[in-house]
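In the order they appear, the protein sequences are chains A and B. 353 is the number of the first residue of the first sequence in our numbering; add one for each residue after it. 2 is the number of the first residue of the second sequence in our numbering; add one for each residue after it. All C-beta atoms in this analysis are idealised placements derived from N, C-alpha and C, irrespective of residue type, glycine included.
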Amino acid sequence: MKLLVVATALDVGGRFDELMNAAFAAHAASRGQAAEIHLLDAEGAVTDIAAQAAGVQRVYRFNPAMVNNSDALLDAVAQACAQIKPSCVMWMGDVAGHQHAPRLAVRAKAAYVSGCCGFETTASGGLAFVRPIYGGKALEVLESNAAMTVLTVKPKSFSNQERQPVATQTVVEVLNVVIQPSSAAITRVSVDKPEEQTGPTLEDAQVIVSGGRGLGSAEGFGALRELAAQLNGAVGASRAAVDAGWISAKSQVGQTGTTVAPNLYIAIGISGAVQHLAGMSSARHIVAINKDDEAPIFGVADVGVVADYREIVPALLAELAERSA
Amino acid sequence: MRIFVCVKQALDWNASTKDFRIDAATHKVSVSFARYRIDQFDEIALEVALQCRTKHGGQVSALTAGPADADDVLRHAFAMKADQATLIEGAGDGIATAALLAAAVRHYGGGAIVLCGRTSSDNGSGQTGPALAEILGLPFVANVVQIDGEENAWLCRCETADGYETLKVTTPFVASVTNAATNIPRVPTMKDVMQAHRAKLEVLAAATLCPDSATCTPMTRVLRRYVPVTARTGQRIDGAPAQQAKALAEYIRQCLPAHGES
Chain A
353 MKLLVVATAL DVGGRFDELM NAAFAAHAAS RGQAAEIHLL DAEGAVTDIA AQAAGVQRVY
413 RFNPAMVNNS DALLDAVAQA CAQIKPSCVM WMGDVAGHQH APRLAVRAKA AYVSGCCGFE
473 TTASGGLAFV RPIYGGKALE VLESNAAMTV LTVKPKSFSN QERQPVATQT VVEVLNVVIQ
533 PSSAAITRVS VDKPEEQTGP TLEDAQVIVS GGRGLGSAEG FGALRELAAQ LNGAVGASRA
593 AVDAGWISAK SQVGQTGTTV APNLYIAIGI SGAVQHLAGM SSARHIVAIN KDDEAPIFGV
653 ADVGVVADYR EIVPALLAEL AERSA
Chain B
2 MRIFVCVKQA LDWNASTKDF RIDAATHKVS VSFARYRIDQ FDEIALEVAL QCRTKHGGQV
62 SALTAGPADA DDVLRHAFAM KADQATLIEG AGDGIATAAL LAAAVRHYGG GAIVLCGRTS
122 SDNGSGQTGP ALAEILGLPF VANVVQIDGE ENAWLCRCET ADGYETLKVT TPFVASVTNA
182 ATNIPRVPTM KDVMQAHRAK LEVLAAATLC PDSATCTPMT RVLRRYVPVT ARTGQRIDGA
242 PAQQAKALAE YIRQCLPAHG ES
């Protein structure tokens with residue numbers, strides 16, 4: 353039984369660690385049945401040293417090399433899977449992964465498990481997959497009855513896990529793949545990047561200050577930006593605030609937006625709709641500020657403050673400024 | 002030109018979920034006063050299709066795979082002014098559902114554009130769009146927020162990891178749809194809701210649609226579903242705003258690493 357981790361250029365760095373943590377967690381849950389962990393370095397972005405340090409038995413690279421997470425990449429990975437015959441293929445659950453992995457599953461007649469956040473051992477000693485459903489309100493445990501299972505790893509689910517370093521010799525192998533010329537059905541016409549942002553991104557921020565419908569207006573985000581700047585954090589938003597046009601969709605946290613797991617998440621004027629909770633409930637510390645005593649956000653918060661943000665945020669800013677001075 | 006929009010019946014995500022439970026035997030959600038409705042992104046996909054029809058003409062068809070009582074999502078599609086709606090009765094799940102939807106699209110002779118929501122609010126796999134594209138052998142465009150016509154091609158405005166991009170796509174293609182300020186679903190008028198009740202739905206049986214039973218058989222099995230216990234302390238800070246701010250600042254400072262001060 354082989355586990356195959358697919359890493360793209362985007363996965364270098366912290367995400368590569370997450371992927372490897374997930375692979376070793378699956379390895380542990382399979383009780384040694386998944387004897388080997390192989391790495392498909394799909395875009396030639398992982399160094400031999402990193403692969404060796406990760407403890408993989410084998411690293412595959414493509415000839416010709418793949419770039420840009422394209423359809424060609426999917427073709428190449430499908431061909432690799434036909435040669436390697438892994439029982440489990442793991443892909444990072446980002447935008448590209450969620451496009452490619454289900455297609456790979458269909459092509460390879462494999463089972464598909466989306467957004468895996470953990471692994472268990474079945475009664476018969478097989479590997480079971482844990483994933484969130486209902487926007488994170490519940491978990492389901494699945495087993496696969498296919499020879500191959502393709503899964504995506506839920507971002508941030510394995511970031512804080514320890515893994516046992518495995519002493520192993522890593523073999524590097526080049527896989528020859530045949531890529532059909534692109535059908536050119538899709539061409540990129542233009543790209544609009546958002547305005548240059550200061551401070552950390554939502555995904556990387558250790559502190560996120562997030563606002564919702566309770567702010568009442570776009571101007572309400574001004575105070576939140578100040579607070580985020582003070583704490584060296586990023587500004588997030590609920591879907592309601594984005595739909596109201598108060599802030600760009602890029603700031604949206606939740607099932608519909610970005611999934612975050614910062615050290616500290618401060619939810620201001622956010623009621624805590626299921627789909628928002630799905631995106632932030634794995635934050636280490638959660639603070640909720642809301643006028644509505646009954647808001648569901650208080651159910652997931654470590655600290656709750658029932659107050660008008662217009663009063664509490666300026667007071668908090670003054671407190672924080674005073675102490676850090 | 003025909004646009005198919007795949008819609009799903011799901012638990013109303015706006016409903017209060019304080020009493021959210023999962024039945025250990027059936028693995029199904031048991032919510033008192035459960036409300037079901039068209040799923041969030043599927044409704045947005047329908048809105049994108051209807052906006053496209055307004056600009057460029059054509060026909061919008063809603064497709065759903067589910068039990069007989071899933072007809073309410075199709076009635077909702079009619080109320081939003083879809084032209085046609087089909088219920089595929091007796092669906093499986095995951096890729097098996099995508100296989101059924103693909104079979105239905107083929108049954109109608111194929112469509113220029115096949116849309117679905119980016120992900121569902123219940124299962125949340127986001128697999129229907131990519132799987133449909135693969136089964137139908139069509140290009141796939143992810144996270145579309147708007148579709149505009151151009152000579153012999155379509156311009157899809159898509160959300161990306163760090164902004165938006167516009168892709169030029171030739172039909173036929175499959176796309177998943179995500180939310181933006183430009184595609185908030187229209188609210189049907191009461192008159193249209195009433196008319197939708199009388200509209201005629203087409204019903205296709207899953208068994209007759211799926212020629213290849215292997216693709217239409219689920220390959221995963223649910224062992225259990227449960228609501229995890231959250232271990233949050235849920236402490237409240239009371240008092241006047243100044244006191245609350247003081248205590249909160251104290252808590253925030255504790256959360257941050259000592260060297261984290263800038």
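Sheet register partners of residue i (DSSP bridge)
{"i": "A/T520", "result": "Paired residue(s): none; A/T520 is not in a bridge."}
{"i": "B/E166", "result": "A/V543 and B/C159"}
{"i": "B/A154", "result": "B/E151"}
{"i": "A/P484", "result": "A/L491"}
{"i": "A/M444", "result": "A/V505"}
{"i": "B/S31", "result": "B/R22"}
{"i": "A/K354", "result": "A/E388"}
{"i": "A/L616", "result": "A/V559 and A/H637"}
{"i": "A/F414", "result": "A/L527"}
{"i": "B/R237", "result": "A/G656"}
{"i": "B/R38", "result": "B/A11"}
{"i": "B/D73", "result": "Per DSSP, none; premise fails for B/D73."}
{"i": "B/C117", "result": "B/C7 and B/S177"}
{"i": "A/I538", "result": "B/V170"}
{"i": "B/S62", "result": "B/F5 and B/Q85"}
{"i": "A/D645", "result": "A/D645 pairs with nothing; no bridge assigned."}
{"i": "A/E472", "result": "A/A480"}
{"i": "A/A463", "result": "A/T501"}
{"i": "A/A589", "result": "A/G563 and A/Q604"}
{"i": "B/G67", "result": "B/E90"}
{"i": "A/F709", "result": "The structure shown does not extend to residue 709 of chain A, since chain A is modelled only from 353 through 677, so no value can be given for it."}
Host alpha helix (DSSP H) of residue i (start-end)
{"i": "A/T610", "result": "Careful: A/T610 lies outside any alpha helix (DSSP H) and carries neither H nor E."}
{"i": "A/V493", "result": "No alpha helix (DSSP H) holds A/V493; the beta strand (DSSP E) holding it covers A490 to S496."}
{"i": "A/Q308", "result": "No statement about residue 308 of chain A is possible, as the shown extent of chain A runs from 353 to 677 and does not include it."}
{"i": "A/N373", "result": "G366 to A381"}
{"i": "A/I401", "result": "D400 to A406"}
{"i": "B/E135", "result": "T129 to L137"}
{"i": "B/C256", "result": "P242 to C256"}
{"i": "A/L576", "result": "F573 to Q582"}
{"i": "B/V194", "result": "M191 to R199"}
Supposed contact pair residue j and residue i - C-beta distance, whole angstroms, cut 8 Å
{"i": "B/C159", "j": "B/A143", "result": "7 Å"}
{"i": "B/F174", "j": "B/L210", "result": "About 22 Å; that fails the 8 Å criterion."}
{"i": "B/L224", "j": "A/T474", "result": "7 Å"}
{"i": "A/L491", "j": "B/P229", "result": "6 Å"}
{"i": "A/L392", "j": "B/A250", "result": "Not really, about 48 Å apart at Cβ, beyond 8 Å."}
{"i": "B/D43", "j": "B/C7", "result": "7 Å"}
{"i": "A/A537", "j": "A/V502", "result": "Wrong, their Cβ atoms sit about 24 Å apart, outside the cutoff."}
{"i": "A/V529", "j": "A/Q431", "result": "5 Å"}
{"i": "B/G91", "j": "B/A207", "result": "4 Å"}
{"i": "A/V465", "j": "B/T221", "result": "6 Å"}
Residue i: CB within 7 Å of a non-hydrogen atom of the ligand COA
{"i": "B/C211", "result": "Annotation note on the ligand COA: not contained in the displayed structure, which lists no ligands."}
Terminal residues of the beta strand (DSSP E) in which residue i lies
{"i": "B/R225", "result": "T221 to Y227"}
{"i": "A/L362", "result": "Here A/L362 belongs to no beta strand (DSSP E), and DSSP marks it neither H nor E."}
{"i": "A/I622", "result": "Unbroken run through A/I622: none, as it is neither H nor E."}
{"i": "A/I599", "result": "It is not in any beta strand (DSSP E) - A/I599 carries neither H nor E in the DSSP assignment."}
{"i": "B/Y109", "result": "B/Y109 -> no beta strand (DSSP E), and no H or E assigned at all."}
{"i": "B/L205", "result": "E203 to A206"}
Original post:
Going along the segment 461-481 of chain A in order, which residues come within less than 9 Å of chain B, judged by CB to CB distance?
Top reply: K461, A462, A463, Y464, V465, S466, G467, E472, T474, A475, A480 and F481
Original post:
Three or more beta-carbon pairs under 8 Å between the segment 434-441 of chain A and the segment 361-370 of chain A, yes or no?
Top reply: no
Original post:
Can you list, in chain order, the residues of the segment 90-103 of chain B whose Cβ is nearer than 7 Å to any Cβ on chain A?
Top reply: G95 and I96
Original post:
Relative to chain A, which residues along the segment 164-183 of chain B have a C-beta separation below 8 Å, given in chain order?
Top reply: G164, Y165, E166, T167, L168, K169, V170, T171, F174, T179, N180, A181 and A182
Subject >> Residues of the segment 598-625 of chain A with Cβ closer than 8 Å to any Cβ of chain B, in chain order >> reply: A601, K602, Q607, T608, N615, L616, I618 and A625
Original post:
Taking contact to mean at least 3 C-beta pairs separated by less than 8 Å, is the segment 469-483 of chain A in contact with the segment 377-391 of chain A?
Top reply: yes
Original post:
Which residues, in order along the segment 21-51 of chain B, keep a beta-carbon less than 8 Å from a beta-carbon of chain A?
Top reply: F21, I23, H28, V30, Q41 and F42
Original post:
Given a limit of 7 Å on CB to CB distance, which residues of the segment 217-249 of chain B reach chain A?
Top reply: M220, T221, R222, V223, L224, R225, R226, Y227, V228, P229, T231, R233, T234, G235, Q236, R237, I238, P242, A243, Q245, A246, K247 and L249
Subject >> Within 9 Å of chain A by C-beta, residues of the segment 119-130 of chain B in sequence order >> reply: R119, T120, S122, D123, N124, G125, S126, G127, Q128, T129 and G130
Original post:
Taking three-plus beta-carbon pairs below 8 Å as touching, is the segment 451-459 of chain A in contact with the segment 127-137 of chain B?
Top reply: yes
**OP:** May I ask you to verify whether the segment 187-204 of chain B touches the segment 73-86 of chain B, counting CB pairs closer than 8 Å and requiring at least 3?
**Re:** yes
Original post:
Would the segment 612-621 of chain A and the segment 556-566 of chain A be scored as touching if the rule is three or more Cβ pairs under 8 Å?
Top reply: yes
Original post:
Is the segment 44-59 of chain B close to the segment 178-194 of chain B, with three or more CB pairs under 8 Å?
Top reply: yes
Original post:
What residues from the segment 196-213 of chain B come within 7 Å of chain A, judged by C-beta to C-beta, listed N to C?
Top reply: none
**OP:** Determine, using beta-carbon pairs with one atom in the segment 475-489 of chain A and one in the segment 393-407 of chain A, whether at least three such pairs fall under 8 Å.
**Re:** no
Original post:
Does the pairing of the segment 658-668 of chain A with the segment 623-633 of chain A give three or more beta-carbon distances under 8 Å?
Top reply: no
Subject >> chain B contacts from the segment 550-565 of chain A (Cβ-Cβ distance under 8 Å) >> reply: Q558 and V559
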